[in-house]
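Residue numbers (the UniProt record's numbering): 1 to 341.
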């Protein structure tokens with residue numbers, strides 16, 4: 001810094017389409033940097049996740065500068081073993097990027113494994129396993145885990161190959177989902193667990209291993225669970241569930257309105273979903289208005305269930321009188337369940 005000043009920064013989501021048009025892809029978080037004195041900051045040191053071998057590729061890393069006028073690429077002043085140093089003309093959005101073609105030549109990066117223990121259930125407790133690039137801020141990941149507690153381990157460092165498949169194993173034989181997962185370069189805004197291990201409440205430690213697609217260990221650790229459980233017990237119950245996931249008191253079903261267990265319909269007596277949908281087919285057809293139909297089609301497209309051409313075909317049909325019937329038949333052919341949106 002050229003002079004003393006308060007420096008503030010936060011991470012913001014990338015616009016991947018901007019990067020692809022420039023032949024780049026994200027290699028680190030995108031930072032929104034601000035300062036109480038604009039001229040106080042003349043250089044930024046951005047952390048990278050590259051191995052020493054990757055740093056031998058000239059031109060692999062650069063820095064993107066994003067303003068209201070558009071995107072520009074800044075060449076590094078220096079690349080150290082841990083950071084990329086760049087001169088900055090003024091403060092705005094800055095992020096580390098890599099050349100797409102050169103990245104394809106060497107997919108291995110420095111990674112880290114973060115573990116979070118969720119609040120206990122009746123018999124089991126979920127251990128979340130996150131496979132991340134080394135330069136993903138740990139604090140940012142932790143903030144998005146609700147009431148789960150970060151587990152301290154001796155080392156979280158490892159090396160991971162982008163686009164390669166990984167799996168998790170433990171000697172105790174606990175249930176793990178999924179069985180394998182492809183590692184991709186991700187920098188938020190959400191950080192969902194790569195794997196989940198369902199451990200028994202009486203378990204004190206878990207011998208955890210992360211393996212590559214060849215079955216080789218890339219990381220292993222004896223994970224302690226007792227201290228994280230104690231920490232969870234000190235967290236207020238209302239803090240264990242993210243605020244946005246809590247049901248407001250006024251929206252909860254009163255106890256006197258709940259269906260008694262003896263009055264509930266047994267699972268074997270319930271009508272299958274496809275039959276139930278067919279039984280209300282006529283009513284659904286008459287109630288679906290063009291705006292509702294358009295919203296449904298948009299959601300199907302976003303979910304990858306239909307293509308753009310299928311969406312446009314359905315919209316064209318719906319403009320004609322009586323064509324809602326054809327749209328429903330088309331849904332059945334696609335084996336969709338509109339009630340599940």
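In this text, a Cβ means the ideal position worked out from N, Cα and C, and glycines have one as well.
Local Cβ density within 10 Å of residue 307, reported as buried at 16 or more and exposed below that: exposed
Alpha-carbon to alpha-carbon, residue 160 and residue 210: 10 Å
C-alpha gap between residue 189 and residue 22, whole angstroms: 22 Å
Segment contact flag, the region 72 to 88 with the region 193 to 204, C-beta cutoff 8 Å, min 3 pairs: no
Contacts around residue 55, its chain only, beta-carbon distance under 7 Å, and the 5 residues preceding and following it disregarded: 79
The region 90 to 101 touching the region 161 to 168, judged by at least three CB pairs closer than 8 Å: no
For residue 131, the three-state DSSP class (helix, strand or coil): strand
For residue 140, the first and last residue of its enclosing alpha helix (DSSP H): 138 to 143
Assigned exposure category for residue 353 - 16 Cβ within 10 Å defines buried: Given a span of 1 to 341 for the chain in the structure shown, any question on residue 353 remains unanswerable.
Beta-carbon separation (whole angstroms), residue 41 vs residue 7, contact threshold 8 Å: 7 Å
Beta-bridge pairing of residue 10 - partner residues as DSSP gives them: 32
Residue 174 in three-state terms, based on DSSP: coil
Start and end residues, alpha helix (DSSP H) containing residue 227: 226 to 233
Short Cβ contact (8 Å threshold) for residue 111 with residue 64: no
Proximity of residue 131 and residue 141 at Cβ, strictly below 8 Å: no
Local conformation of residue 20 per DSSP, three classes: helix
Beta-carbon proximity list for residue 206, same chain, < 8 Å, skipping 5 on both sides: 127, 170, 172, 174, 197, 199, 222, 223 and 225
Under 8 Å between C-beta atoms of residue 93 and residue 12: yes
First through last residue of the beta strand (DSSP E) which encompasses residue 204: Run containing residue 204: none; DSSP gives neither H nor E here.
Residue span of the alpha helix (DSSP H) that contains residue 102, given as start and end: 100 to 105
Rounded separation between residue 35 and residue 44 - CA only: 12 Å
Selected residue, minimal CA-CA separation from residue 81, among 203, 46 and 73: 46
Neighbourhood of residue 220 by C-beta, 8 Å cutoff - its chain only, sequence neighbours within 5 removed: 207, 208, 209 and 210
Sub-8 Å separation of residue 231 and residue 149 beta-carbons: yes
Coarse secondary structure for residue 54, derived from DSSP in three states: helix
Pairwise C-alpha distance: residue 15 and residue 70: 12 Å
8 Å Cβ shell around residue 204 - same chain, five flanking residues per side excluded: 224, 225 and 226
Identity of the residues DSSP links to residue 94 by a beta bridge: 31 and 65
Which residues DSSP lists as bridging residue 195, in chain order: 129
Cβ-based burial, residue 151 [other Cβ within 10 Å; buried from 16]: buried
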